[in-house]
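Report on the structure given below.
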Amino acid sequence: MLTLGKIDHIHIRVSDAAKAADWYSRVLGLAADTRYRHMQDGPHGVIMMANPSGTVRLAISQEEGAAAFSGAIAFVVSGQDFLEWIDQLAGERVLNSEGQTIARDSVRDHGFFCSLSFVDPFGNPFEIVSYDHTWLAGKLKLTKRTPA
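Take 0 as the starting number for the sequence shown in numbering that gives the first Met the number 0 and just add one per residue.
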């Protein structure tokens, strides 16, 4: 049986590619991957953004009237990194889907993992997830599980 190797990239449509590239760089630490520079030209140009190790890649394309997709893109991190992501997102005044600024009380406790949901300036949904639940529950003083 054939199996898939890994996700190559996730394509995100936005109404302003330059603004999106700046946000993804500043907030998520992604940078334009110069190997894909040739793909930026033309009416359907794509800016390929990647983390330093190349394990996360987002293909950003500009389309008028682009609507956010349903679902969410979820990134998994360690417990310590999860705490740092809370601070990073809060410092950048990133919002959740209800329009509230991300803070430590934005963490959802799912019983065996924790998540932090947020949106980019175009309404595209993201999550930071950590399976270091026991450690995070102690650090964040989580007392009740969030219903799914």
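Yeah, the Cβ is synthetic: ideal placement off N, Cα and C, and Gly gets one too.
Specify, as a first and last residue, the run of the alpha helix (DSSP H) that residue i falls within.
| i | result |
| --- | --- |
| residue 85 | 78-90 |
| residue 27 | 16-27 |
In whole angstroms, give me the CA-to-CA distance for residue i and residue j.
| i | j | result |
| --- | --- | --- |
| residue 55 | residue 62 | 22 Å |
| residue 95 | residue 4 | 31 Å |
| residue 52 | residue 34 | 14 Å |
| residue 98 | residue 83 | 21 Å |
| residue 136 | residue 103 | 12 Å |
| residue 22 | residue 105 | 21 Å |
| residue 122 | residue 45 | 19 Å |
| residue 116 | residue 86 | 13 Å |
| residue 91 | residue 0 | 45 Å |
| residue 40 | residue 32 | 14 Å |
| residue 88 | residue 36 | 28 Å |
State yes or no: is the C-beta of residue i within less than 8 Å of the C-beta of residue j?
| i | j | result |
| --- | --- | --- |
| residue 24 | residue 16 | no |
| residue 128 | residue 73 | yes |
| residue 26 | residue 19 | no |
| residue 58 | residue 10 | yes |
| residue 38 | residue 8 | no |
| residue 60 | residue 131 | no |
Output the boundary residues of the beta strand (DSSP E) element that contains residue i.
| i | result |
| --- | --- |
| residue 136 | Note, residue 136: premise wrong, no beta strand (DSSP E); alpha helix (DSSP H) at 132-139. |
| residue 74 | 72-75 |
| residue 117 | 113-118 |
| residue 126 | 124-129 |
| residue 58 | 56-61 |
| residue 10 | 9-13 |
| residue 47 | 45-49 |
Excluding the 5 residues preceding and the 5 following residue i in the sequence, name in chain order all residues of the same chain whose CB lies nearer than 6 Å to its CB.
| i | result |
| --- | --- |
| residue 124 | 71, 118 |
| residue 114 | 107, 126, 128 |
Output needed for residue i: all residues of its chain with C-beta closer than 8 Å, excluding positions within five of it in sequence on either side, in chain order.
| i | result |
| --- | --- |
| residue 111 | 130, 132 |
| residue 28 | 50, 51 |
| residue 100 | 89, 92, 93, 94 |
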